[in-house]
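For the sequence shown, my numbering assigns the number 74 to the initial residue and increments by one for each residue that follows.
Cβ coordinates follow ideal geometry from the N, Cα and C atoms, glycine included.
Just below is one structure, and these are the notes that go with it.
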Amino acid sequence: MKTKQTKLLYFVSGIYIVTLLFAFVLNIQKGNLKDIMMCFVACITPWLFPILMRLFHLKMTDELKIINVIFIYFASLVGSSLAGYTLPFYDKIVHFFSGILASIIAMILYCMIKKQRTIYNKQDYILFFIFMMTVNLSIAVIWEFYEYFMLVFFNNDCILHYTTGVHDAMTDMLCALGGGCVVLLEMIVHRNRQESPFFMRIVEKFYDCNMNDQS
């Protein structure tokens with residue numbers, strides 16, 4: 074029997090496919106070659122994270138699949154194929170949620186490396202917080218490197234160098250930091266409670282799905 078998470082995954086995937094078809098039709102009608110190419114990119118981007126997981130022989134839970142589809146929907150499909158990034162603050166909102174996603178990835182990495190399902194003591198919490206924020210900001214910096222190289226090698230000014238200088242890059246990283254702080258704050262607030270916080274439950278289910286198979 075299909076779970077609620079599986080049904081939700083089918084639902085968000087269906088919305089993605091319908092929106093992608095709409096974007097193709099709209100951009101073909103407009104004759105916008107650049108946005109048509111971004112539609113083809115949007116066909117690929119939802120598969121990048123699952124492919125990475127498969128390379129490391131890890132199984133994705135339905136929750137992670139849903140998060141992946143929703144994030145790529147706004148970051149790649151709506152943002153690049155439907156001119157979402159021309160809207161005020163749209164880019165900053167995407168970077169904020171990228172900070173949340175990067176923090177979840179950091180939590181998964183930490184638990185897999187430590188081979189522990191959750192965080193148990195004060196010392197682990199301190200190390201965990203440092204690790205999570207470091208990974209989050211590292212991913213944000215790598216993304217800004219990518220945008221800078223696009224400018225240098227292809228003259229594609231996605232970093233907005235000519236109009237804002239370093240302002241766009243710095244605010245993007247600050248927004249990612251803000252997303253990471255949301256996850257950090259949730260962990261601190263729920264530290265002494267019996268029930269794990271929302272983001273930690275996602276990590277624990279991923280851990281159970283993969284580490285139990287290896288035991």
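In the DSSP assignment, C254 falls within the unbroken alpha helix (DSSP H) covering 240-262.
Shown here for T207: same chain residues with a beta carbon closer than 8 angstroms to its own, the five before and five after excluded, namely A179 in chain order. With 16 or more other CB atoms across the displayed protein chains lying within 10 angstroms of its CB, H168 is buried.
Going by beta carbons, D164 and T79 fall outside the 7 angstroms limit. Put simply, the backbone Cα of H234 is about 46 angstroms away from that of R266. In terms of Cα proximity to I199, the closest of R264, Q102, T236 is R264. Note that the segment 175-195 touches the segment 239-254; at least 3 beta-carbon pairs, one per stretch, sit closer than 8 angstroms. For S176, the secondary structure class from DSSP, reduced to helix, strand or coil, is helix.
Y183 sits close to F204, with the two beta carbons spaced by under 7 angstroms. Counting only residues of its own chain and dropping the five nearest sequence neighbours on each side, D108 has a CB closer than 7 angstroms to the CB of N100, S154. Pairing V262 with I181 gives a Cβ-Cβ distance that is not under 7 angstroms.
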